[in-house]
Structures are given as C-alpha cells and as structure tokens.
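> Dropping a structure here in structure tokens format, bear with me for questions.
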Amino acid sequence: MTEDEVKMGTTVYVPHSSCRDFRWMGDYEAVYRESVKDPEKFWENIASELEWDKKWDKVLEWDYPDSRWFSGAKLNITKNCLDRHVNSSKKNKVALIWKGDDGCERLYTYRQLHREVMRFANGLKNLGVRKGDRVCFYMPFVPEHIVAILACARIGAVHTIVYAGFGSESLHQRILDSQAKIVITADVSIRRGKRIDLKSLVDDAIVNAPSVERVVVFRRTQPEIELYAEMEIDYYDLIKDESNICEPEEMDAEDPLFILYTSGTTGKPKGILHTCGGYMVGTYYTCRYIFDIKDSDVYWCTADPGWITGHSYVVYGPLAAGATVMFSETTPDYPDLGVWWEIVEDFGVTIMYTAPTAIRMFMKYGEEWPNRYNLESLRILGSVGEPLNPEAFEWFYRVIGKGKLPIVDTWWQTETGMHMITTIPGDPMKPGFAGRPVPGIIADVVDKDGKSLEPGISGKLVIRSPWPSMMRGVWNDRSRYEKYWNDVPGCYTTGDMAVKDKDGYIMITGRSDDIIIMSGHNIGSAEVESALVENEAVAEAAVIGVPDSLKGNVIKAYVILKEGFEASEKLENELKYHVRMTLGPISMPSEIKFVQSLPKTRSGKIMRRVLRAVETGADPGDLSTIED
Ligand code: PRX
Numbered sequence: 217m218t219e220d221e222v223k224m225g226t227t228v229y230v231p232h233s234s235c236r237d238f239r240w241m242g243d244y245e246a247v248y249r250e251s252v253k254d255p256e257k258f259w260e261n262i263a264s265e266l267e268w269d270k271k272w273d274k275v276l277e278w279d280y281p282d283s284r285w286f287s288g289a290k291l292n293i294t295k296n297c298l299d300r301h302v303n304s305s306k307k308n309k310v311a312l313i314w315k316g317d318d319g320c321e322r323l324y325t326y327r328q329l330h331r332e333v334m335r336f337a338n339g340l341k342n343l344g345v346r347k348g349d350r351v352c353f354y355m356p357f358v359p360e361h362i363v364a365i366l367a368c369a370r371i372g373a374v375h376t377i378v379y380a381g382f383g384s385e386s387l388h389q390r391i392l393d394s395q396a397k398i399v400i401t402a403d404v405s406i407r408r409g410k411r412i413d414l415k416s417l418v419d420d421a422i423v424n425a426p427s428v429e430r431v432v433v434f435r436r437t438q439p440e441i442e443l444y445a446e447m448e449i450d451y452y453d454l455i456k457d458e459s460n461i462c463e464p465e466e467m468d469a470e471d472p473l474f475i476l477y478t479s480g481t482t483g484k485p486k487g488i489l490h491t492c493g494g495y496m497v498g499t500y501y502t503c504r505y506i507f508d509i510k511d512s513d514v515y516w517c518t519a520d521p522g523w524i525t526g527h528s529y530v531v532y533g534p535l536a537a538g539a540t541v542m543f544s545e546t547t548p549d550y551p552d553l554g555v556w557w558e559i560v561e562d563f564g565v566t567i568m569y570t571a572p573t574a575i576r577m578f579m580k581y582g583e584e585w586p587n588r589y590n591l592e593s594l595r596i597l598g599s600v601g602e603p604l605n606p607e608a609f610e611w612f613y614r615v616i617g618k619g620k621l622p623i624v625d626t627w628w629q630t631e632t633g634m635h636m637i638t639t640i641p642g643d644p645m646k647p648g649f650a651g652r653p654v655p656g657i658i659a660d661v662v663d664k665d666g667k668s669l670e671p672g673i674s675g676k677l678v679i680r681s682p683w684p685s686m687m688r689g690v691w692n693d694r695s696r697y698e699k700y701w702n703d704v705p706g707c708y709t710t711g712d713m714a715v716k717d718k719d720g721y722i723m724i725t726g727r728s729d730d731i732i733i734m735s736g737h738n739i740g741s742a743e744v745e746s747a748l749v750e751n752e753a754v755a756e757a758a759v760i761g762v763p764d765s766l767k768g769n770v771i772k773a774y775v776i777l778k779e780g781f782e783a784s785e786k787l788e789n790e791l792k793y794h795v796r797m798t799l800g801p802i803s804m805p806s807e808i809k810f811v812q813s814l815p816k817t818r819s820g821k822i823m824r825r826v827l828r829a830v831e832t833g834a835d836p837g838d839l840s841t842i843e844d
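The opening position of the sequence shown corresponds to residue 217 in our numbering, with each subsequent residue numbered one higher.
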C-alpha cells in the first residue's frame with residue numbers, strides 16, 4: 217500500500233464474508249440520507265427505544281449556538297442503565313466484569329449493580345448531596361468508581377471526574393472551578409504492581425478549596441490509612457447501614473449530568489458540560505448501532521472513566537444498551553504482554569475498543585504475544601483517541617482480527633459526547649481514514665468561510681448541525697463555548713484538520729490549534745507552559761508536540777532561562793519533575809531544550825507552529841507576522 221493510495225482512499229478492505237449480522241450493514245447510505253432529511257424524526261425514533269418518565273414536547277429547539285433536545289422530557293439515566301434491565305429478563309445478566317491490576321476478578325449482575333448504586337446514592341444523600349451539587353472523583357479504575365458515578369446520576373448530582381494520573385494542582389483547579397462539595401477518592405491506585413498514593417494528592421488539592429465539605433475514601437490496602445473523622449469517611453462505612461432502595465431523582469432532559477475538563481488553548485482547562493437526555497440518547501445509539509452491541513456480547517473498552525471514552529463507552533452507553541461490560545485496571549504490558557489477550561480469551565470478549573497507542577505498543581513487541589491466546593470470540597474491533605495509522609490498522613486487522621473482523625475507527629471528542637465519524641461495522645474500511653459521518657451527523661471539511669472543500673483538499677473539520685449529545689456549554693465560561701461556533705460561520709469547529717476522499721470517507725490529519733494529542737490524551741501546550749514558568753529559573757516556555765512512532769506525539773518544551781540561571785541536566789530534570797507533580801505524569805515533557813529566544817509575532821505571541829516546522833522539517837507557513 218503506497219502513501220498516495222492511502223491518501224486518495226483507494227486502499228479498501230472489503231468486509232469478510234463472515235460479516236453478516238451487523239444491524240446496518242449495506243444500509244449506511246439509505247439510513248444516512250433519511251437521517252439528514254428529517255433529523256428530528258431520526259433522533260426521536262432512537263430516543264423512543266429508551267424509557268422516559270415523561271416524553272418530550274419538542275425534539276429540538278435550536279437557537280444557534282444553543283440547543284435543547286427532548287425539551288419537556290423527564291428521565292433518569294440510571295433507570296435506562298439499570299432499572300430497565302432489572303425489570304426485564306436481563307435482571308441476572310452480568311453487567312460488569314472487572315479485572316484488577318493484581319489479577320483479582322469481580323462480577324456484578326444488573327440486579328447487584330442496581331442495589332449497590334442505590335445504596336451508595338443513599339450514602340451520598342446522607343452526606344447532604346442534592347440535585348445539582350458537584351461531586352468530584354479522583355479514583356482508580358475499580359468497580360466502586362462506576363457504582364459511585366451512577367449513584368451521582370441517580371440523585372441528580374453532577375459528577376466531575378478527574379483522571380487519577382493528573383497531579384494535585386490539576387485536581388485543585390478542577391475542584392475550584394466546579395465548586396465541588398464532595399470528593400470521592402481511594403487510598404491508592406495500583407499500576408503495574410506499584411501503589412500510587414492518591415489520598416495525599418487529594419489532601420494537597422483541597423487546601424484552599426472551601427467548597428469541599430467531605431471526602432469519601434475507598435480504602436483498598438492494609439494496614440488501612442487513618443481518616444480524619446471530621447471531614448473524611450470510609451466508602452463502605454458510608455453505606456453500611458444504607459437501604460438498597462433509592463428512587464431516582466426525576467431529571468429534566470436538559471439538566472446537567474456531568475462536567476468533564478478537557479485541555480484548551482489557554483492554561484485553564486475547560487469544563488465541558490453534558491446534560492441528561494441528549495447524552496443518553498447519543499451514547500446509547502452509538503453503542504447499539506456502531507458497536508452493534510447484542511445480548512450475547514462481552515464488550516470491553518480499555519479506557520479509564522477519567523476520560524470521555526470511559527464516561528460514554530464504559531459506563532453510560534453500554535449499560536443503557538444492556539451490555540455485559542468488561543473493564544480492567546491492568547496495563548497492557550503488566551505482568552506481561554499477554555495480559556489483555558488473556559482477558560479476551562478468558563472472558564470471551566466479543567467487542568474490543570482500544571487506542572492506537574496500545575496497538576502500536578503491541579506491534580513493537582511482535583505477534584507472538586497475542587498469538588498465544590485464542591481470540592476467536594472477537595467480532596468487532598474499535599479504535600479511538602488519535603488517528604489509527606495504516607500500519608497499525610493493518611496489524612490490528614491481521615493479527616487480532618485474523619483478517620476477518622471489522623475495525624470501527626471512531627472519531628469524536630469530549631465535546632461531542634458520542635461517535636461522530638466512523639466506519640460502520642460491515643462497511644468497506646479504508647486504512648488511515650476514520651470513515652464517514654454517523655447517521656444523524658453532518659460533518660464536513662471546509663475552508664475558513666465554511667465552504668465545502670473538494671475531495672483531497674485539506675481543511676477544517678466541522679459539524680454543520682446540532683446533535684443530541686453535543687456539549688451544552690463550558691462551565692462558568694460562555695465565551696469559550698461561543699468560540700467553538702464563531703470560527704467558521706454556521707458550524708461547530710472541531711479544531712481538527714481533515715481531508716475527504718471521493719466516497720466521503722474522512723481522514724483526520726491533525727489539530728489546527730495548540731492541543732497535543734499524546735497517546736490519545738488531550739494536552740494543552742499552554743497548561744504545560746504555565747507549569748514550567750512557575751519555576752523561578754524560567755523566563756519563558758513554549759511547548760509543542762513532536763511526532764512519535766509509539767505515542768503519536770510526545771511533548772517537547774523550549775525554555776528561556778532568567779538571567780543568572782544556567783542550563784543543566786539537573787535543571788531539566790527539576791523542571792520535568794515539577795510538571796509531573798503539578799499536572800501529572802501524562803503532561804511531563806520528554807525533552808526540554810534551553811534556548812536564547814523563541815519565534816514570536818510582533819504582538820509577542822509565541823509561534824509554536826514555527827517550532828513544530830523546525831522539528832519536523834515541514835513548511836512553517838506564513839511567516840509575515842514573525843518578529844525575528
Ligand atoms: O484530535 C482528535 C482526536 O482526539 C481529539 C479529541 O480528544 P478528547 O476530547 O480527549 O477525546 C478523545 C476520545 C474521543 C479529537 O479532536 N481523536 C479522537 N478520536 C480520533 C482522533 N483523531 C483521529 N482519529 C480518531 N478516531
């Protein structure tokens with residue numbers, strides 16, 4: 217396969233003859249046409265597959281750039297994720313299967329999960345948590361995490377989950393911005409057999425955060441850490457006397473469900489707000505029709521709940537679709553490189569959804585590891601978070617999919633809530649291309665005025681009309697919300713660059729802003745820069761992503777030192793350590809280069825694109841505004 221073929225979308229993998237049973241196979245074009253001809257009818261039909269306490273008065277109220285979906289409707293998302301199944305033949309079906317870092321396993325049926333969620337919901341109520349209150353999570357990937365998320369939704373509290381790989385300063389910022397009343401955490405998270413102390417990071421993060429009234433601590437190690445009784449309470453003490461019946465709070469379709477922070481182009485992360493009704497419809501829809509989840513599936517998404525993928529495709533979507541959800545704390549290479557494939561074999565995983573960076577890591581170590589296991593149960597493979605490059609596609613298809621399985625390369629964002637562009641299972645696949653817009657979604661590649669570009673011409677990726685699970689705002693920041701809609705007239709701007717081919721397949725070619733996608737995680741250059749300049753030696757910093765064959769990108773920082781400070785390896789390590797401790801290990805630069813000056817515009821803005829061009833040998837583009 218040549219680069220040109222990939223570029224033009226001429227390399228096509230036709231579905232294997234064994235691909236027969238997917239809900240939409242062969243129908244994509246017809247379904248898509250109908251969906252955009254009458255979108256309200258399309259979404260209403262999907263929404264009608266779910267249970268509502270009261271149906272909507274109107275499917276969509278669209279007042280650019282604000283949408284209200286299913287207005288007037290009443291629901292509780294946990295009724296669709298739990299009660300609906302408990303009241304059906306799925307009552308004793310396995311809802312969750314968990315495998316811990318140490319190899320231990322736990323299972324919950326829908327009935328058990330329902331009871332646990334209601335018990336914890338009562339515990340939260342006892343702590344004084346009410347509808348609309350914010351509850352911040354800083355949790356390892358354990359079943360109690362999912363129980364507590366659903367418990368918040370049960371009582372109408374708004375969860376804001378912070379990935380436990382972030383540092384205490386990042387957590388502090390998010391607690392302040394969301395004004396969280398409760399923090400739920402654990403003594404430790406366990407990664408590759410090592411214990412990482414979460415609780416002391418929370419201790420630091422809640423200093424000068426007066427909104428926090430109580431901290432709930434899930435203690436998983438011995439000897440148990442001591443808790444400060446005035447403020448802290450053990451997870452299981454909180455629920456030991458609670459009833460396992462808790463009626464769900466009746467929520468308006470447009471009531472907030474959660475806030476999830478994502479990196480922006482300034483130093484301050486953005487609290488992306490999602491609401492109950494539309495988000496439920498979008499995540500359910502894509503689980504049912506893109507992942508094609510059926511009753512007999514064991515569905516495994518390898519993401520952590522701290523990211524949007526975990527929210528939409530570990531918790532809400534698959535549970536709303538009544539799936540058996542596998543999830544695991546294990547890293548793909550510990551205790552050895554077979555651990556993920558052992559999970560597939562042991563639990564008979566049928567749908568596996570993971571990230572290109574993990575696939576590339578497996579490629580590096582060879583086929584021998586997956587080939588030791590029986591992967592015959594698999595029927596659909598999925599990828600998310602960054603472009604699935606053709607080499608990784610080919611390896612995933614051949615080694616894991618045995619040349620038979622569909623790969624759904626799903627493009628979407630924290631802001632979109634659900635898959636937006638993907639290949640539908642059973643449709644032809646084009647390596648390097650995510651696929652076509654999901655029915656109901658009008659995605660396009662355009663110039664700066666919003667004019668559609670011809671196939672083969674790169675431009676901005678935009679969405680032209682509202683969809684149910686779109687974000688409803690940026691918490692406390694209206695102007696940042698409006699920015700998404702002001703860039704290209706009439707459109708939601710994704711911040712990604714893309715190119716279409718003649719069949720309408722879309723390839724994502726990179727970001728148009730200063731967000732670095734590393735191992736599928738979204739890292740803002742500005743956030744890392746502000747952490748660096750906190751050090752007394754640093755006068756200025758510029759941070760860029762440099763292409764990396766494993767992680768997609770790695771972080772490189774250019775630093776100008778203040779007068780009187782000398783560049784040294786010791787200082788480089790100190791700066792890296794500082795970023796690691798404040799923002800967390802995922803934001804740590806892999807390289808720091810000390811420089812005398814940085815390319816800037818005449819108004820003093822650092823031109824990161826020039827640095828990127830220097831790094832990659834690419835064309836730096838228009839240099840007319842450069843100062844020096
Ligand atoms: O650049 C795109 C990339 O990840 C960004 C969204 O990041 P985040 O909000 O953290 O959500 C990640 C999980 C949905 C996008 O703007 N991205 C995500 N999926 C893909 C992708 N790039 C290429 N192909 C994908 N399938």
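The beta carbon of each residue, even a glycine, is placed where N, CA and C say it ideally should be.
1) Please classify Met217 as buried or exposed, where buried requires at least 16 other C-beta atoms within 10 Å of its C-beta.
2) With respect to the beta strand (DSSP E) encompassing Pro763, which residues constitute its N-terminal and C-terminal limits?
3) Can you list, in chain order, the stretches of the beta strand (DSSP E) that have 3 or more residues and sit fully within the stretch 623-656?
4) Straight-line CA distance for Arg390 to Val378?
5) Roughly how far, in whole angstroms, is the beta-carbon of Ala311 from the beta-carbon of Tyr326, given that I think they are within contact range, below 8 Å?
6) Do Tyr515 and Glu567 count as a contact pair if the criterion is CB distance below 7 Å?
7) Give the DSSP-derived three-state secondary structure of Asp413 in the structure shown.
8) Should the stretch 810-820 be called in touch with the stretch 382-402, which here means at least 3 C-beta pairs below 8 Å?
9) Leaving aside the five residues before and after Met579 along the sequence, list all residues of the same chain whose C-beta is less than 6 Å from its C-beta, in chain order.
10) Give me whichever residues DSSP pairs with Arg407 in a beta bridge.
11) Between which two residues does the beta strand (DSSP E) holding Ser394 run?
12) By DSSP's criteria, Met496 is part of a beta bridge. Which residues make up the other side?
13) Measuring alpha carbon to alpha carbon, tell me which residue in Pro622, Asp660, His527 is nearest Pro647.
14) Identify every run of the beta strand (DSSP E) within the stretch 659-683, keeping only runs that are complete inside it and at least 3 residues long; order them along the chain.
15) Which stretch, first to last residue, makes up the alpha helix (DSSP H) that contains Arg727?
16) Tell me whether Ile262 sits in a helix, a strand or coil according to DSSP, three-state version.
17) With respect to 6 Å, is the separation between the Cβ of Ala608 and the closest non-hydrogen atom of ligand 1 below this value?
18) Counting pairs of beta carbons, one from the stretch 703-712 and one from the stretch 676-693, are three or more of them closer than 8 Å?
19) Taking the alpha carbon of Arg436 as the point to measure from, which residue in Ile673, Val423, Tyr452, Ser427 has its own alpha carbon closest?
20) Is it a yes or a no for the stretch 766-774 touching the stretch 738-748, going by three-plus beta-carbon pairs under 8 Å?
21) When you measure from the CB of Asp693 to every non-hydrogen atom of ligand 1, does any distance come out below 6 Å?
22) Counting only runs of 3+ residues fully inside the stretch 504-528, write out the beta strand (DSSP E) ranges in chain order.
23) Tell me whether the beta-carbon of Leu392 lies closer than 7 Å to the beta-carbon of Val404.
24) Just verifying my parser: in three-state terms, what is the DSSP assignment at Tyr449?
25) Is it buried or exposed, Trp278, if we count other Cβ atoms within 10 angstroms and call 16 or more buried?
26) Nearest to Ser427 by CA position, among Trp268, Arg350, Tyr248, Pro836, is which residue?
27) Could you tell me whether any non-hydrogen atom of ligand 1 is closer than 6 Å to the CB of Asn769?
28) Apart from the five residues on each side of it in sequence, which residues of its chain come closer than 7 Å, Cβ to Cβ, to Gly837?
29) Rounded to whole angstroms, what's the CA-CA distance from Asn261 to Tyr501? Just pull it up for me.
30) Tell me whether Tyr324 sits in a helix, a strand or coil according to DSSP, three-state version.
31) Could you tell me which of Trp556, Ser728, Ser695 sits nearest to Gly319, measuring between CA atoms?
32) Buried or exposed for Lys618, please, with buried defined as at least 16 other CB atoms from any protein chain shown within 10 angstroms of its CB.
33) Take Asp513 and list the residues in its own chain whose beta-carbon comes closer than 7 Å to its own, dropping the five residues that flank it on each side.
34) Grab me the residues of Phe357's own chain with a C-beta within less than 6 Å of its C-beta, minus the 5 sequence neighbours each way, in chain order.
35) Counting pairs of beta carbons, one from the stretch 485-499 and one from the stretch 436-447, are three or more of them closer than 8 Å?
36) May I ask you to report which of helix, strand or coil DSSP gives Ser784?
In short:
1) Because Met217 carries a pLDDT of 45, less than 50, the predicted location of this residue cannot be relied on, and the following value inherits that uncertainty. Met217 is exposed by the Cβ-count criterion.
2) In the DSSP assignment, Pro763 falls within the beta strand (DSSP E) that extends over 754-764.
3) DSSP runs (the beta strand (DSSP E)) wholly in the stretch 623-656: 623-626.
4) C-alpha separation (whole angstroms): 8 Å.
5) Correct: roughly 4 Å between the Cβ atoms.
6) Glu is not the amino acid found at residue 567; the sequence shown has Ile there. Yes.
7) DSSP places Asp413 in strand when its eight states are reduced to three.
8) No, the stretch 810-820 does not touch the stretch 382-402.
9) Scanning its chain for C-beta atoms nearer than 6 Å, with the 5 sequence neighbours on each side dropped, one finds around Met579 the residues Trp611, in chain order.
10) In DSSP, Arg407 forms a bridge with Lys410.
11) First-last for Ser394: 384-394, but that is the alpha helix (DSSP H), not the beta strand (DSSP E).
12) Answer is none; Met496 lacks a bridge partner.
13) Of the listed residues, the one whose Cα sits closest to Pro647 is Pro622.
14) List check, beta strand (DSSP E) in window: 659-662, 675-679.
15) Note, Arg727: premise wrong, no alpha helix (DSSP H); beta strand (DSSP E) at 722-727.
16) In the three-state reduction of the DSSP assignment, Ile262 falls in the helix class.
17) For Ala608, the shortest separation between its Cβ and any heavy atom of ligand 1 does not lie below 6 Å.
18) These segments touch.
19) Here the closest residue by C-alpha is Tyr452.
20) At 8 Å Cβ cutoff, the stretches touch.
21) No, since every heavy atom of ligand 1 falls outside the 6 Å radius drawn around the Cβ of Asp693.
22) Within the stretch 504-528, the complete beta strand (DSSP E) runs of at least 3 residues are 514-517.
23) Cβ distance not < 7 Å, so Leu392 and Val404 don't count as in contact.
24) At residue 449 the sequence reads Ile, which differs from the Tyr that was named. Residue state, collapsed to three classes: strand.
25) It is exposed - the Cβ of Trp278 has fewer than 16 other Cβ atoms within 10 Å.
26) The candidate whose alpha carbon is nearest that of Ser427 is Arg350.
27) Checking every heavy atom of ligand 1 against the Cβ of Asn769, none is found closer than 6 Å.
28) The residues are Arg825.
29) Inter-residue distance for Asn261 and Tyr501 is about 10 Å (C-alpha atoms, whole angstroms).
30) Per DSSP, reduced to three states, the secondary structure at Tyr324 is strand.
31) It is Trp556 whose Cα lies nearest to the Cα of Gly319.
32) In this structure Lys618 is exposed. Its beta-carbon is surrounded by fewer than 16 other beta-carbon atoms within 10 angstroms.
33) Once the five neighbours on either side are set aside, the close Cβ partners of Asp513 are Ala539, Thr540, Thr566, Ile567.
34) If we look at Phe357 and ignore the five residues flanking it on each side, its Cβ neighbours are Asp520, Glu545.
35) Judged by pairs of C-beta atoms under 8 Å, the stretch 485-499 does not touch the stretch 436-447, as fewer than three such pairs exist.
36) Ser784: coil per DSSP, three-state reduction.
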